[in-house]
Amino acid sequence: MVTTPEGEALPVQEGHPVERRMVRFDWSNTPLHWVPDDPFSTHVINVLHLLLPAGERWFLDVVNKAQPLVDDEELRATIKPFVQQESWHAWAHTVVLQHLAENGIDTTAYTAMLDKWFGRILSDHPSWPPRMQRWWLNRRLAVVAAIEHFTCVMGRWILENEGLERAGADPVMLDLLRWHGAEEVEHRSLVWDVHANVSGSHTQRVTGMLEVVCTLTLWWVAGIRYLMRHDPTLHRAKPRLRDWARAVRQDRLPGPGTLYGSVPRYLRRSHHPRQEASTENALAYLERSPAARAARASQSASDAVASGG
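Numbering (this note's numbering), first residue to last: 12 to 320.
And the structure:
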């Protein structure tokens, strides 16, 4: 068992979260193109800031609806820190959207389309019979589990990446990406285990992954085009495949093998997310992350004041 900062005892399981880290980032010195002289790599990664706020909110809605159905007490207990982590991720990336707006990129048209898509395509259907509603919840859990697979893979990549630092990438943005990536690695098994507990359908996991591969690719490409078209310094430039190939060679972006090459592993019946990454490596970064260290110091100071010390 581990005791959280709030004094709550939780079991330690590989791939399950323990606590929320209330990190904050100062964007006042972060340039628009935070990978110097590389707007393409900058905006490919910036798509995360477009996708994640709406995506994380939807994750939370689905997992919260599934929580009462979980009959494993230890698993159910770790849903709370998962929800706390994901809600903080959504907030942190929303602040980056404000930074983009201050630099001339208004993202509201794209994020409004994304919100509408989540609201229409992936929302509840209260008029459906109870069995259909349960099936639909399980299906959405499988989709969230597939997305969490990709966030884990990308989290592992950013934790191991050296190319962005060599390129002189903004340290605050790198810390945000690595903090978020580390927490995705830390809680990589949670949604998979929730789905296994309430459904366990391998067919749902397979169809969920195939849907995610298609839709995530389409939304990501659309996001790259949107950001480059609205970047006031690029004069409506268009992304090119050779830009991606160059960035992959320079280790500034993950290649197709990193992302799509992980799909066959996920589709195996024997797969479990704990096999995808190292919790130890994730926690090691969270120990040295500037933002996470500042959050711990702030929490310690608040605790001292509250206790009268």
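In this text, a Cβ means the ideal position worked out from N, Cα and C, and glycines have one as well. Note that the structure is predicted; figures quoted are calculated from it, not measured.
With the cut-off set at 8 Å, would you say Arg285 and Ser200 are in Cβ contact?
yes
Can the beta-carbon of Met58 be found less than 8 Å from the beta-carbon of Trp231? Per the sequence presented here, residue 58 reads as Val, with Met not at that position. It is a contact, given that the beta carbons lie within the stated cut-off.
Requested in this report: Would you mind listing the alpha helix (DSSP H) stretches within the stretch 240 to 282 that are 4+ residues and don't spill past its ends, in chain order?
Outcome: Counting whole runs of 4 or more residues, the stretch 240 to 282 contains the alpha helix (DSSP H) stretches 252 to 260, 267 to 270, 274 to 278.
For Ile321, three-class secondary structure by DSSP:
With the chain represented from 12 up to 320, any question about residue 321 goes unanswered, as that position is not in the structure.
(Q) What does the alpha-carbon distance come out to for the pair Val224 and Tyr271? (A) Distance between Val224 and Tyr271, taken at the CA atoms: about 8 Å.
Ala248 CB to nearest heavy atom of the ligand COA below 7 Å
Among the components of this structure there are no ligands whatsoever, and the ligand COA is therefore not found.
Inset, instruction - Specify whether the stretch 236 to 255 and the stretch 141 to 149 touch according to this definition: at least 3 beta carbon pairs, one from each stretch, less than 8 Å apart. - result: no
* Asked: Out of curiosity, what's the CA-to-CA distance linking Leu188 and Trp99?
  -> 13 Å
**Prompt:** Does DSSP put Val224 in a helix, a strand or coil?
**Reply:** helix
Segment contact flag, the stretch 189 to 198 with the stretch 157 to 169, C-beta cutoff 8 Å, min 3 pairs
yes
**Report entry** Helix, strand or coil at Ala306 [DSSP, three-state]
**Finding:** helix
Is the stretch 44 to 61 touching the stretch 126 to 136 in the sense that three or more CB pairs, one from each, lie closer than 8 Å? no
Below 8 Å on the Cβ atoms is my contact criterion, and I expect Leu238 with Ile116 to pass it. Report the Cβ-Cβ distance as a whole number of Å. Right, the Cβ-Cβ distance comes to about 6 Å (below 8 Å), so this counts as a contact.
- Of the listed residues Gln96, Ala207, Val205, Leu185, nearest to Tyr296 (C-alpha basis): Each of Gln96, Ala207, Val205, Leu185 was checked against the Cα of Tyr296, and the nearest Cα belongs to Leu185.
Worksheet entry | Where Val13 falls, given that 16 or more other Cβ within 10 Å makes a residue buried | Confidence at Val13 is low in this model, with a pLDDT of 36, below 50, so the placement of that residue should be treated as unreliable; the coordinate-derived value is given next. By the 10 Å Cβ count, Val13 comes out exposed.
Look at Ala288 and His206 and say whether their C-beta atoms are less than 8 Å apart. It is not a contact, given that the beta carbons lie outside the stated cut-off.
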